[in-house]
Amino acid sequence: QSQNLCLRWVREEELLALHAKLAGLGLARTLPPVLRDMTVCAGAATCKLGICLSRGLAQAVANELQRSEINLAGLGEVRLSISGCPDACGRHPVAQVGLYGAARRVGATLAPYYILQLGGRVGEGRTRLADGHTGVPARNVPAFLKDLFAAVLDSGDGAGFDAFLDAGGRERAEELARRHREIPGFEQDPSYYVDWSADGLFSLAGRGPGECGAGVFDLIEVDLASAAAALADGRCFAATVHAARALLVTRGVEPCDSLESLELFRKLFLAEGLLKARFAPLVEEAIRCASLGESDAEFRAQPEQAGALLAAVKALYESMDSSLRFTAAGGAGLRGEPVPCCGETAAPGVTAIAAAQPCPDRVQDFRGVACPLNYVKTKLTLEQMQRGQILAVLLDEQGSRNVPASVSNDGHAVLSVEPEDRHWRVLIRKAG
Numbered sequence: 009q010s011q012n013l014c015l016r017w018v019r020e021e022e023l024l025a026l027h028a029k030l031a032g033l034g035l036a037r038t039l040p041p042v043l044r045d046m047t048v049c050a051g052a053a054t055c056k057l058g059i060c061l062s063r064g065l066a067q068a069v070a071n072e073l074q075r076s077e078i079n080l081a082g083l084g085e086v087r088l089s090i091s092g093c094p095d096a097c098g099r100h101p102v103a104q105v106g107l108y109g110a111a112r113r114v115g116a117t118l119a120p121y122y123i124l125q126l127g128g129r130v131g132e133g134r135t136r137l138a139d140g141h142t143g144v145p146a147r148n149v150p151a152f153l154k155d156l157f158a159a160v161l162d163s164g165d166g167a168g169f170d171a172f173l174d175a176g177g178r179e180r181a182e183e184l185a186r187r188h189r190e191i192p193g194f195e196q197d198p199s200y201y202v203d204w205s206a207d208g209l210f211s212l213a214g215r216g217p218g219e220c221g222a223g224v225f226d227l228i229e230v231d232l233a234s235a236a237a238a239l240a241d242g243r244c245f246a247a248t249v250h251a252a253r254a255l256l257v258t259r260g261v262e263p264c265d266s267l268e269s270l271e272l273f274r275k276l277f278l279a280e281g282l283l284k285a286r287f288a289p290l291v292e293e294a295i296r297c298a299s300l301g302e303s304d305a306e307f308r309a310q311p312e313q314a315g316a317l318l319a320a321v322k323a324l325y326e327s328m329d330s331s332l333r334f335t336a337a338g339g340a341g342l343r344g345e346p347v348p349c350c351g352e353t354a355a356p357g358v359t360a361i362a363a364a365q366p367c368p369d370r371v372q373d374f375r376g377v378a379c380p381l382n383y384v385k386t387k388l389t390l391e392q393m394q395r396g397q398i399l400a401v402l403l404d405e406q407g408s409r410n411v412p413a414s415v416s417n418d419g420h421a422v423l424s425v426e427p428e429d430r431h432w433r434v435l436i437r438k439a440g
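Each residue of the sequence shown is one higher than the one before, starting from 9 at the first, in my numbering.
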């Protein structure tokens with residue numbers, strides 16, 4: 009359960025020299041157990057599935073705790089584990105304090121968050137998994153952990169962290185996490201939207217080739233989680249907006265604000281019959297509220313109504329197949345058509361291509377469309393075409409790296425990926 013390195017067959021007379029060598033590499037520092045035994049996965053730095061930069065957070069936590077005046081040695085053997093995503097590579101499910109990377113929307117901007125889980129134990133007759141679902145912004149995690157460990161020491165219970173949790177410490181930890189949950193808007197302080205050790209703004213783009221589909225699911229689950237959190241806080245308008253926006257990515261659209269999200273949801277999901285008409289009054293009220301400035305105080309709806317909409321959107325999401333189709337109540341597969349947005353237009357004509365390449369049946373210009381939305385638009389376009397037909401897609405450089413592998417994973421044939429002026433042209437033959 010540790011990330012230690014065991015050096016075998018070291019003779020006693022070699023120990024001093026070995027220690028000196030390790031010290032020269034910075035590997036012989038004396039640290040309290042909570043830092044010495046901290047377990048961290050590689051995270052998004054090298055893992056295709058990673059959401060957050062867990063190693064960057066681990067360094068920030070170590071720096072914060074070492075700068076503090078907390079008696080870290082007095083905490084005893086506290087297991088702190090950090091994973092860059094819900095997968096358990098960092099062993100957060102069996103940690104006393106576990107954190108795993110997630111993403112949340114704050115306004116219209118994605119921010120890196122970590123989900124707090126507490127109480128994991130491993131031992132004969134006492135093993136249990138950590139649990140919890142409170143999200144803490146990545147930038148606030150070091151300060152939160154400092155406050156949590158200070159609370160453990162202030163409790164005066166020397167029986168250890170497990171005893172602290174069992175004696176009401178879990179509620180105290182959740183209270184502290186909620187104090188650190190809010191962050192300023194992007195315009196007020198953009199630093200909260202940059203992950204630890206990252207050079208630029210947090211994004212779900214930039215995954216490894218072929219991970220565009222996973223990015224679609226991440227975007228959906230970000231909004232669903234944000235809707236659930238808003239509902240738990242009594243923010244019914246925000247919950248309604250997040251629920252309405254969650255599945256819009258499957259229609260190939262990227263709304264610019266809450267009002268556009270709600271209007272597109274009304275058009276693509278209510279008018280198309282993907283969700284029941286009983287949600288129309290709630291959505292109309294949200295549209296009215298959004299046009300007045302997005303205030304929960306002006307939103308005249310009950311939490312039960314927003315909760316019912318969220319539950320219906322979740323159920324629809326769970327019915328979605330790999331072609332981004334939803335199953336209606338009658339069992340028929342339904343799929344909306346891709347809707348142009350953000351200035352997207354179909355290419356007016358076929359750009360000249362190499363003579364050896366087949367002439368495309370359709371050309372789409374998705375330059376300027378971010379990943380994974382460019383993949384979704386490509387996927388929806390292919391759904392409208394006949395088997396064996398050829399689609400030419402114009403993409404930016406990042407799209408040219410990710411979209412071909414993703415559509416290939418869907419079973420289509422990528423015939424060529426060619427640079428053209430300042431963009432890339434990808435030829436795809438639809439599977440059939």
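All C-beta atoms in this analysis are idealised placements derived from N, C-alpha and C, irrespective of residue type, glycine included. Since the structure is predicted, the reported quantities are computational estimates derived from the model, not experimental observations.
DSSP three-state call for residue i: helix, strand or coil?
i	result
residue 327	coil
residue 422	strand
residue 334	strand
residue 229	helix
residue 414	helix
residue 140	strand
residue 375	coil
residue 308	coil
residue 350	A caution first: residue 350 carries a pLDDT of 39, below 50, which makes its placement in the model too unreliable to give a value.
residue 259	helix
residue 439	coil
residue 75	helix
residue 212	coil
residue 235	helix
residue 322	helix
residue 67	helix
residue 82	helix
residue 314	helix
Hey, out of the options, whose CA is closest to residue i's CA?
i	options	result
residue 180	142, 378 and 33	142
residue 92	161, 312, 208 and 63	63
residue 47	34, 29, 56 and 85	85
residue 123	117, 130, 146 and 104	146
residue 255	244, 240, 233 and 245	233
residue 417	399, 405, 266 and 438	438
residue 52	151, 211 and 114	211
residue 156	83, 243 and 377	83
residue 174	201, 129 and 202	129
residue 35	14, 49, 54 and 285	14
residue 65	280, 239, 120 and 126	120
residue 105	42, 274 and 424	42
residue 378	24, 159, 261 and 305	261
residue 430	424, 409 and 403	403
residue 375	414, 432, 334 and 419	432
residue 126	172, 26 and 395	172
residue 398	381, 372, 405 and 410	372
residue 81	23, 169, 140 and 265	169
residue 283	327, 300, 309 and 308	327
residue 187	72, 102, 154 and 39	154
residue 77	151, 401 and 94	151
residue 97	435, 19, 57 and 280	57
Following the continuous beta strand (DSSP E) through residue i, name the residue where it begins and the one where it ends.
i	result
residue 272	Taken as a continuous stretch (DSSP letters only), residue 272 belongs to no beta strand (DSSP E), being part of the alpha helix (DSSP H) at 266 to 273.
residue 120	117 to 126
residue 110	105 to 114
residue 89	88 to 91
Based on DSSP bridge pairs, tell me the residues matched to residue i.
i	result
residue 370	399
residue 434	401 and 425
residue 389	DSSP lists no partner for residue 389.
residue 409	DSSP lists no partner for residue 409.
residue 129	136
In the DSSP assignment, find the alpha helix (DSSP H) that holds residue i and state where it starts and stops.
i	result
residue 295	288 to 299
residue 248	244 to 254
The ligand ZN and residue i: does the residue's C-beta get closer than 7 Å to at least one heavy atom of that ligand?
i	result
residue 301	Because no ligand of any kind appears in the structure shown, any question about the ligand ZN cannot be addressed here.
Is there at least one Cβ from chain B nearer than 8 Å to residue i's Cβ?
i	result
residue 132	The displayed structure is made up of one protein chain only, and chain B is not part of it.
May I have a chain-ordered list of the beta strand (DSSP E) segments no shorter than 3 residues that lie completely inside the region 142 to 205? Here no run is fully enclosed.
Which parts of the region 10 to 64 are runs of the alpha helix (DSSP H), unbroken and 4 residues or longer, counting only runs that do not cross its ends? 23 to 32 and 41 to 44
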